[in-house]
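There are 2 protein chains.
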Amino acid sequence: MKNRLKVLRAERDWTQADLANALQVSRQTINAIEKGKFDPSLPLAFKAARLFNLKIEEIFEDETEN
Amino acid sequence: MKNRLKVLRAERDWTQADLANALQVSRQTINAIEKGKFDPSLPLAFKAARLFNLKIEEIFEDETEN
DNA sequence: ACATTATGTAAAGATAGTTTTATATTTTTG
DNA sequence: CAAAAATATAAAACTATCTTTACATAATGT
Chain A
1 MKNRLKVLRA
11 ERDWTQADLA
21 NALQVSRQTI
31 NAIEKGKFDP
41 SLPLAFKAAR
51 LFNLKIEEIF
61 EDETEN
Chain B
101 MKNRLKVLRA
111 ERDWTQADLA
121 NALQVSRQTI
131 NAIEKGKFDP
141 SLPLAFKAAR
151 LFNLKIEEIF
161 EDETEN
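First to last, the sequence lines map onto chains A and B.
Residues 1 to 66 (the working numbering) are what the first sequence spells out, left to right.
Residues 101 to 166 (the working numbering) are what the second sequence spells out, left to right.
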């Protein structure tokens with residue numbers, strides 16, 4: 001699962017810790033998601049979408065076929 | 101997390117088993133998601149959105165505050 | 001160059017999503 | 001009404017997400 005979190009952070013000059021804070025998850029969770037270690041839960045994806053005023057599809061890109 | 105899976109199935113006259121099959125998960129997973137027992141993973145939400153040609157937000161509705 | 005801040009990584013443990021198998025209940029159909 | 005199909009539910013096991021703690025490396029600012 002690709003995502004634009006790093007870019008969205010950069011546009012706002014936010015650190016991973018800032019974003020983690022805004023989404024109320026740990027910094028490591030943000031780092032792991034940005035690095036593609038695992039996918040965010042659906043509720044977390046919704047929270048991120050709300051935070052950035054974007055659709056989930058505008059932040060996360062699914063790479064699985066079908 | 102509310103969702104419109106039951107309605108979307110009904111519109112197509114699909115059973116839970118049919119949908120499970122289309123999404124390649126078990127029938128119990130569909131049932132549990134429809135009944136709100138747990139949230140689908142983000143990849144599964146993407147799969148459902150692709151299947152129905154809808155945005156994730158048009159199928160699932162997050163209820164958490166913030 | 002040094003100090004500070006940000007990012008990457010890892011292990012252990014908790015919680016949530018998913019499968020499999022099995023059974024019970026409800027709905028649909030003949 | 002009886003049979004069949006669909007839905008609900010449950011337990012055990014497995015995998016994935018997420019937290020906490022801790023440390024290492026990279027980037028930034030003075």
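Backbone N, C-alpha and C define an ideal beta-carbon position, used for all residues, glycine too.
- Under DSSP, Glu161 of chain B takes part in a beta bridge, and its partners are B:Lys102.
- If you check each beta-carbon in the region 146–158 of chain B against every beta-carbon of chain A, the ones closer than 7 Å belong to Phe146, Lys147, Lys155, Ile156 and Glu157.
- Distance between Lys147 of chain B and Ala17 of chain A, taken at the CA atoms: about 30 Å.
- The region 36–50 of chain A makes contact with the region 122–142 of chain B; the number of CB pairs closer than 8 Å reaches 3 or more.
- By the C-beta criterion, the region 2–10 of chain A is judged to be in contact with the region 26–36 of chain A, since at least 3 inter-stretch pairs fall below 8 Å.
- CA-CA distance, Glu63 of chain A to Gln124 of chain B, rounds to 16 Å.
- Residues of the region 16–45 of chain A whose Cβ lies closer than 7 Å to any Cβ of chain B, in chain order: Asp39, Pro40, Ser41, Leu42, Pro43 and Ala45.
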